[in-house]
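Residue numbers (the numbering used here), protein chains in the order written: chain A, 1 to 601; chain B, 1 to 381. A short worksheet on the structure shown next.
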C-alpha cells in the first residue's frame, strides 16, 4: 500500500439512529489488517466532541482520520476542527460512507470491506470498484409510457435500436396527457405530447405493449429475460377501427381512470380521444358479460367481425433485452388521508388531478369549471348542468412537507397551483381566487417570473396554510392565519382545490423487488449517486427516468428520459455493459488499489 | 419603542422544558386550528416567532400563553412535530418565573432539588410545630388526648391557632400573588405597546375576571370539551375547600359530628368529589399519555398532582377516622394532611403551576383591557 500515514478509524454507529445490521467488530478486525491503522474507536467508546477527538489525535499522533459508518458526514466538522487544533491538515479527514457506493439497503460486510479498503488505501472507490463488463443485447425495455418513458423510447429508437415499451394502462401518455396546460409556458399539454405519442406508435423500432405489466425479470446486465403479462384487452388492436359503436351500446359504467374519476366511462372504452393506441379495451371488472355471462351488446354492435373477443385470456410474453429503463412515475397523494380538508366528504373539495381534468377542454365539462353533482345512479361527477363557482381556494402542500404524511417537498405543487390560479382567471374572470401557501417554491427556469406574473393578476396569495375545511351550507369554510398581515382570515368559498403532493407509484415496491434495486424510505427508487449518477442504479443495465426516482417537473422528466437513453445507447455502441456493483469482489478492488498505488502522481 | 433582540433567550427558555422551536416553518396551521386564537391575539405561531427571534420583551408582554388551554390540536396537526402546545405550556412556566419577583419560581421550575427541598422543609416544620410547638404553648399533648377517649380535634388542633395560621398563610400567599399580578400588569399593559387604558374600562371589564375565574369559558371553547368539565370540578372543589378552611374554619372544623345532610358535610363531600374526579382524569391521562395534552409531563406537573392527591386522601382519612371515633389515627392523618397542604399552598400557589389560578383570569381581563386601549398621545415616534 502506498498510504503510510498513521491513521485512526472512527466507526460512527450511534445507537438507535438506524436499525443496525452491520457487523462492526468484523469491520474493525479487517481494518487492522492494514499496517497504517493503529487505533479504531466506536461511537460508544467515548464522547465524540472536539476535545476528546483532539486528545486521541495527540495520544496516537494520527496523521489521518477515517470516519466510517452511516452518514458519517454529519460528524465530519468535529474531526476537521480537532485536526486543525492539533496542528494537522484538516483535509485529512476521510469519509467511508456506508450509504453510498451502492451498498444499498443490504449492509453486506464484504461490500463494506471493499469501501473501507479503498478509503484506507486513499484511492477513491470510483476508481477501484469497477465491475466487469458483459456483452449486451441491443434491445431495450422501457417500463412505463409516461413522458419520461416516451422520451427514452424515442431517443433509443432513433438510434436504430429496438425498444419494447411496456405500459400498464390502455394508453401511453401517463399523467401529462391528463393535464390541460404546462407551467410556466402555458403550453397545451396534449398539443406537445400527443405528437410524441403517435410517433411512438408509428416508429418501426418501438414495440408498444400497452395494457401490459412486467411480472418477472431474470438474467444479468446485457441479457435480461423479462416476462410481460399482456392483460386481455378483449379487443383486437389490429382490427379495431376505433369507431366507438361498442361503447355507445355498452350498458355498464365505471369512473374514468383517465379523468381521475370526474366522469363515467363505459366498460368497453377508450381512455381518451387521443389515446395511443387509439383502440378500445374492455374493463373486465365492470363488464356485465364477464360478471354474469349475459350481454355481449358490444359484440353485436361491432361492425368488424371477430374484433371483440370477450373470452380472451391474459397471456405472458417473454422478451430478451440488454437494458431496462424504469419510468413508472408517481401516484398522487390521497388527499382523503388529510381528513381535516374533507376530501371525499365534501363534493366540492377537489384534488389537483381532478381539477386538471375539469380545466381540460377534453375533460368532462369541456374545460368549464362547474360544481360536482350526483348523476341518476348516485355517482359524483362533473357536468355542465350545475352552476359555476365564484370563489375558489387552493391549498398548497397537502401531504407534502408534513411529518405526519410525507416529509419531502413534492416540488411541482406550488407551480401547478399558480397555473391553476391563472387558468381559473382565464375561464372565470369574475372569480375570486385564494392561494394558501407556506413557502412559494418557484425553483426552475422562468418559474419565479411566472409567480410574479400571477401576483400581478388579481389573485389573493396568502401566506399561511389553513387548518381545516368545513362545509357551511352550500359553501366551504376556511380559517387561516394570514401570516404576512398578522390576522385571522375567515373565508367562505365555493370550491377548494387541494394541491396534493407526489408519492412513489403503487408498483414501486413490487418493481424494486423484481429488479433488486433499492428504494429510499419514501419509496422512490434509489439512484447510483445523488449528484453524479441520478439515472443509474446500483445494478448494471438498469436505469431510472422521471418521477419514479423522485418528484420532478416535466422538463426534468424529459431530460432524465434522454439521459437514461444516452446511457443505454452508450452500452450498445460499446457493445459492453458494466455488471452490477454487487459483483465487485474484494480481491479485484485490492488488485486495482495495488495497480493505482504504483502510479506516480 | 425600540426592540431588543436577546439571543440568550433560547438558553433561558430551554430550562423550562421548551423543545425544538426551530422546527417551526410558519405554516400557520396551529393558529388556524386554534379556536381560541383571535384577531389581535394570535397564537401559538406568533409566539414561536418571538422565541425564534429572541424578542424577550415582546414575549414577556404577551397574554396569549395564558389564553391557551392546551387541547393539543395544534400539536397533532403540526406538520413539523414542533409541538406548539407544549411550547405554550413551557412559555407559561417561563412567564410565571418572570412575574415572580423573588426569583424562587425560577429555582423551583428549573431545579427539582430546590422544589423538593422546600416542600420537605415546610413539611418538617409543620410536623415539628404539632409535636413541639403546640405542646410547648400549653396545649394538650396527643397521648393525653387519646387516653381521654373520643376524637377531640379542636383540642388537638386548637381551632383559633389553626385559624390564625391559615389567615397568615393566606395573607402571605395573597401578597405574593398580588405583587406578581401587579408585575404582570406592568409588563403587559403599562410598560408595553405605548397604549393607555382608561380607569373606567378597568372597572367596567372587571366582571370578566370573576366570570373567567369561576367558569373558564375559554377552556370550553376548545374542541375537546371533556377536560373543561373535569377541570371545572377540580377548580370548584378546590375553591370551596380553600374558602371553607381559611374563612370559615370554625364552622367547618367542629368537635361535634353533624348529621349527614348538614351543609357543612355536603359541601365537604362535593369538594372532595370534585377534587378526586379532576385528579383522576389528570393522573390517568398523564399515565396513559394518549392525549397530546398529557404527552409531556414536567416535574412540576407531577409534583402538583401528587401533592393535591395526598391532601385529598389525608383529608378523607381524617373524616373517616373522626366519624368512627379513632383518635390517634385522626391526629396522625391531620398532621400528615397539614404537612402536605401547607407546602403545597406556600409553594405551588405563588411560585409554581398553581399560580395559573390567578394568571389565567387576569390574562383574560388584561386581554380585554388591551382591546379597549387607545394609543398614548405623547408616545415615542
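From the three backbone atoms N, C-alpha and C, an ideal C-beta is built for every residue, glycine too.
Beta-carbon proximity of residue i to residue j, cut-off 7 Å
i, j, result
"residue 386 (chain A)", "residue 371 (chain A)", "yes"
"residue 287 (chain A)", "residue 267 (chain A)", "yes"
"residue 319 (chain A)", "residue 143 (chain A)", "no"
"residue 579 (chain A)", "residue 540 (chain A)", "yes"
"residue 335 (chain A)", "residue 390 (chain A)", "no"
"residue 359 (chain B)", "residue 114 (chain B)", "no"
"residue 205 (chain A)", "residue 235 (chain A)", "no"
"residue 514 (chain A)", "residue 217 (chain A)", "yes"
"residue 127 (chain A)", "residue 112 (chain A)", "no"
"residue 43 (chain A)", "residue 14 (chain A)", "yes"
"residue 388 (chain A)", "residue 369 (chain A)", "yes"
Residue i versus residue j - alpha carbon distance
i, j, result
"residue 179 (chain A)", "residue 357 (chain A)", "7 Å"
"residue 150 (chain B)", "residue 118 (chain B)", "35 Å"
"residue 443 (chain A)", "residue 365 (chain B)", "48 Å"
"residue 499 (chain A)", "residue 414 (chain A)", "8 Å"
"residue 99 (chain B)", "residue 137 (chain B)", "39 Å"
"residue 561 (chain A)", "residue 7 (chain B)", "49 Å"
"residue 224 (chain A)", "residue 117 (chain A)", "32 Å"
"residue 14 (chain B)", "residue 94 (chain B)", "10 Å"
"residue 251 (chain A)", "residue 269 (chain A)", "12 Å"
"residue 6 (chain A)", "residue 74 (chain A)", "23 Å"
"residue 504 (chain A)", "residue 403 (chain A)", "16 Å"
"residue 331 (chain B)", "residue 269 (chain B)", "20 Å"
"residue 82 (chain A)", "residue 46 (chain A)", "15 Å"
"residue 341 (chain A)", "residue 125 (chain A)", "49 Å"
"residue 391 (chain B)", "residue 254 (chain B)", "Here chain B comprises residues numbered 1 to 381, so residue 391 (chain B) is not present and cannot be evaluated."
"residue 232 (chain B)", "residue 491 (chain A)", "34 Å"
Neighbour flag for residue i against chain A, beta carbons, 7 Å
i, result
"residue 24 (chain B)", "no"
"residue 39 (chain B)", "yes"
"residue 80 (chain B)", "yes"
"residue 32 (chain B)", "yes"
"residue 382 (chain B)", "Because chain B here runs from 1 to 381, residue 382 (chain B) falls outside it and cannot be looked at."
"residue 380 (chain B)", "Confidence at residue 380 (chain B) is low in this model, with a pLDDT of 48, below 50, so the placement of that residue is unreliable and no value is reported for it."
Min CB distance residue i to chain B below 7 Å
i, result
"residue 1 (chain A)", "Below a pLDDT of 50, predicted positions are generally treated as unreliable, and residue 1 (chain A), at 48, falls in that range; the measurement from the model is reported next regardless. Cβ-Cβ to chain B under 7 Å: no for residue 1 (chain A)."
"residue 361 (chain A)", "no"
"residue 334 (chain A)", "no"
"residue 521 (chain A)", "no"
"residue 326 (chain A)", "no"
"residue 181 (chain A)", "no"
"residue 345 (chain A)", "no"
"residue 501 (chain A)", "no"
"residue 465 (chain A)", "yes"
"residue 391 (chain A)", "no"
"residue 438 (chain A)", "yes"
"residue 403 (chain A)", "yes"
Closest residue to residue i among the options (Cα-Cα distance)
i, options, result
"residue 373 (chain A)", "A:350, A:111, A:278, A:277", "A:350"
"residue 625 (chain A)", "A:7, A:412, A:362", "Lying before the first or after the last residue shown, residue 625 (chain A) is absent from chain A, which here runs from 1 to 601."
"residue 186 (chain A)", "A:582, A:422, A:203", "A:422"
"residue 294 (chain A)", "A:280, A:311, A:304, A:307", "A:311"
"residue 49 (chain A)", "A:368, A:34, A:80, A:306", "A:80"
"residue 256 (chain A)", "A:271, A:243, A:324, A:242", "A:271"
"residue 406 (chain A)", "B:108, B:327, B:79", "B:79"
"residue 25 (chain B)", "B:12, B:37, B:47", "B:47"
"residue 395 (chain A)", "A:433, A:378, A:46", "A:433"
"residue 78 (chain A)", "A:10, A:551, A:291", "A:10"
"residue 558 (chain A)", "A:85, A:147, A:21", "A:147"
"residue 277 (chain A)", "A:195, A:502, A:182, A:589", "A:195"
"residue 29 (chain A)", "A:551, A:109, A:549", "A:109"
"residue 337 (chain B)", "B:88, B:266, B:84, B:130", "B:130"
For residue j and residue i, believed in contact at Cβ under 8 Å, the rounded distance
i, j, result
"residue 44 (chain B)", "residue 74 (chain B)", "6 Å"
"residue 401 (chain A)", "residue 461 (chain A)", "Going by Cβ atoms, the distance from residue 401 (chain A) to residue 461 (chain A) rounds to 18 Å, so no, they are not a contact pair."
"residue 42 (chain B)", "residue 29 (chain B)", "13 Å between Cβ atoms; not a contact."
"residue 330 (chain A)", "residue 521 (chain A)", "Rounded, the Cβ-Cβ distance is 16 Å, inconsistent with contact."
Under 8 Å from the C-beta of residue i: neighbouring residues of chain D
i, result
"residue 42 (chain B)", "Checking the listed chains, one finds no chain D in this structure; the protein chains it contains are A and B."
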